[in-house]
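Chemist:
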Amino acid sequence: YTVDVLREFIKSDRAKSKVPPLVYDISQDDGGSGYCTCTNCKKLIEEIGVSGIYMTFISKVAEAIEKEYPDIYINTLAYHYTQTPPKKPIKVHPKVIVQSCNSNIISPLLPDKPNGAVMKKWAEHASLLAIWSYWRTYEGSDTYPYTRNRKEMQEELQFCRDINVFRYFSENENNIERSFYMFQYYLFSKLTVDPDLDMEQVTDTFMKGYYGAAAEPMKIEAYEEPADFDEFWAKRRAELDKVPVEAKLTP
234 YTVDVLREFI
244 KSDRAKSKVP
254 PLVYDISQDD
264 GGSGYCTCTN
274 CKKLIEEIGV
284 SGIYMTFISK
294 VAEAIEKEYP
304 DIYINTLAYH
314 YTQTPPKKPI
324 KVHPKVIVQS
334 CNSNIISPLL
344 PDKPNGAVMK
354 KWAEHASLLA
364 IWSYWRTYEG
374 SDTYPYTRNR
384 KEMQEELQFC
394 RDINVFRYFS
404 ENENNIERSF
414 YMFQYYLFSK
424 LTVDPDLDME
434 QVTDTFMKGY
444 YGAAAEPMKI
454 EAYEEPADFD
464 EFWAKRRAEL
474 DKVPVEAKLT
484 P
C-alpha cells in the first residue's frame with residue numbers, strides 16, 4: 234500500500250515539476266509518538282531494535298521505488314526512538330539517506346562523545362548519512378544567549394566529513410536571541426566548504442568586514458565561549474533551578 238501510494242505521488246509530483254525532484258522523505262511523526270508493541274513487533278525489537286525494523290521497511294520501499302525511478306533517493310530520519318542504531322548488522326538500501334537528529338547547540342557531534350559513537354555505528358549500516366542539527370534550544374528564552382564553540386563547530390564538521398556525511402541541516406528558529414548569530418552563520422558556511430580552514434583568519438575576516446572599527450573589542454566578546462558545553466549547560470541548569478517559576482515567566 235505504502236509503495237503504491239508513494240509511486241502515484243511521485244508520478245503526479247514529477248508531472249508538474251520543471252525539474253524532477255530526486256529526494257522524497259518518509260519519516261516518523263515528530264516527537265515520541267510511539268511504535269507498535271504487538272507480540273510480533275516486540276520479538277523483532279528484541280532481535281534488531283526499533284530502528285532495525287524501521288530501516289528494513291524503508292529499504293524495502295526504496296527497493297520497490299528504484300525499479301521504476303532509479304534516480305530517486307528516500308530520505309528518512311533517525312530520530313527519537315529510531316535514533317539508536319539497529320542491534321544487528323543491517324545494510325540500509327543504497328538509495329536511502331539516513332538523517333540523524335543527534336546534534337545540538339549544547340552537545341556537538343564529536344567522535345569522543347556519546348552521540349559521535351552513535352553516528353559511527355550508523356555509518357556501519359548506511360552508506361548515505363545526513364544530519365539534522367538543533368542550533369536552538371527548547372528550554373525557553375531564559376537559556377539564551379548561546380554561541381556555538383568555534384573549536385567544536387570545526388571538529389564537528391571534520392568528523393562529519395570523515396564519516397562521509399554529505400548533507401547538514403540546522404534547525405535555527407529564534408536565531409536573533411543568540412549572541413553573534415551572524416558570526417556563527419559565517420563560520421559554519423565557510424567550514425562546510427573547507428572544514429580545515431584557519432579559524433583565526435576567517436574570524437578576523439568576518440570581524441573586520443562586519444564590525445569595522447569595532448572589530449577588536451567585538452572579537453574579544455565573541456571569544457568568550459565555554460570550553461565544554463556539557464559542563465556549561467549543567468551549571469546553567471543548576472542556576473535556573475534556583476529561580477522561582479514566577480520570575481522565569483515574567484517578561
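First residue of the sequence shown? That's 234 in our numbering, and the numbers climb one at a time after it.
Ideal Cβ positions, reconstructed from N, Cα and C, are used throughout, including at glycine.
Quantities reported herein were computed from a predicted structural model and do not represent experimental measurements.
Please classify Phe416: is it buried, with 16 or more other beta-carbons within 10 angstroms of its beta-carbon, or exposed?
Modeler: Taking the first residue of the sequence shown as 1, we reach residue 416 at position 183. Buried.
Chemist: What are the start and end residues of each continuous beta strand (DSSP E) run of 3 or more residues lying completely inside the region 278-313, in chain order?
Modeler: The region 278-313 contains these whole beta strand (DSSP E) runs: 306-311.
Chemist: For Val325, which residues of its own chain have a beta-carbon under 7 Å away from its beta-carbon, when the five flanking residues on both sides are left out?
Modeler: For the purposes of this step, residue 325 is identified with residue 92 of the sequence shown, where counting begins at 1. Contacts found: Met288, Ser292, Val331, His358, Ala359.
Chemist: What's the call for Phe242, buried or exposed, on a 16-neighbour Cβ count within 10 Å?
Modeler: Locating residue 242 in the sequence shown gives position 9, counting from the first residue. Phe242 is exposed by the Cβ-count criterion.
Chemist: Near Met485, which residues of its chain fall below 7 Å by C-beta distance, leaving aside the five closest residues on each side in sequence?
Modeler: Outside the shown range of the chain, which is 234 to 484, sits residue 485, and nothing can be said about it.
Chemist: Of the choices Gln434, Ile286, Met386, whose alpha-carbon is the least far from that of Thr317?
Modeler: In the sequence shown, residue 317 corresponds to position 84, counting from 1. Nearest option by C-alpha distance: Ile286.
Chemist: What three-state label does DSSP hand Ile259 in the structure shown?
Modeler: Walking along the sequence shown from the start, residue 259 turns up at place 26. Three-state result, Ile259: coil.
Chemist: Distance, Cα to Cα, Met432 vs Gly264?
Modeler: For the purposes of this step, residue 432 is taken as residue 199 along the sequence shown, with counting starting at 1. For the purposes of this step, residue 264 is taken as residue 31 along the sequence shown, with counting starting at 1. Rounded to whole angstroms, Met432 to Gly264 spans 36 Å at the Cα level.
Chemist: Would Ile396 and Ala363 qualify as a contact pair, given that the criterion is a beta-carbon distance under 8 Å?
Modeler: As a first step, residue 396 is located in the sequence shown; it is residue number 163 there, counting from the start. As a first step, residue 363 is located in the sequence shown; it is residue number 130 there, counting from the start. Not closer than 8 Å, so no.
Chemist: Kindly list the residues whose CB is nearer than 7 Å to the CB of Cys334, restricted to its own chain and excluding five residues on each side of it in sequence; keep chain order.
Modeler: By 1-based counting over the sequence shown, the position of residue 334 is 101. Contacts found: Leu310, Ala311, Tyr312, Gln316, Trp365.
Chemist: Could you give the uninterrupted runs of the alpha helix (DSSP H) lying entirely in the region 411-459, keeping only those of 4 residues or more?
Modeler: Within the region 411-459, the complete alpha helix (DSSP H) runs of at least 4 residues are 414-426, 432-444, 448-456.
Chemist: Which complete alpha helix (DSSP H) runs does the region 302-367 hold, if anything under 4 residues is left out?
Modeler: Within the region 302-367, the complete alpha helix (DSSP H) runs of at least 4 residues are 347-358.
Chemist: Could you check whether the region 337-346 touches the region 387-403, counting it as contact only if at least three pairs of C-beta atoms, one from each stretch, sit closer than 8 Å?
Modeler: Segments in contact, yes.
Chemist: Report the rounded CA-to-CA distance for Asp262 versus Phe290, giving the unit in angstroms.
Modeler: Against the sequence shown, residue 262 aligns to sequence position 29. Against the sequence shown, residue 290 aligns to sequence position 57. Whole-angstrom Cα-Cα distance: 16 Å.
Chemist: If contacts are defined as beta-carbon pairs under 8 Å, then Val236 and Ile298 qualify, I think. What distance do you get, rounded to the angstrom?
Modeler: Counting from one through the sequence shown, the residue named residue 236 turns up at place 3. Counting from one through the sequence shown, the residue named residue 298 turns up at place 65. About 7 Å; that satisfies the 8 Å criterion.
Chemist: Any idea what DSSP makes of Val252, helix, strand or coil?
Modeler: By 1-based counting over the sequence shown, the position of residue 252 is 19. Coil.
Chemist: What is the DSSP secondary structure of Ser245, reduced to helix, strand or coil?
Modeler: By one-based count along the sequence shown, residue 245 stands at place 12. It is helical.
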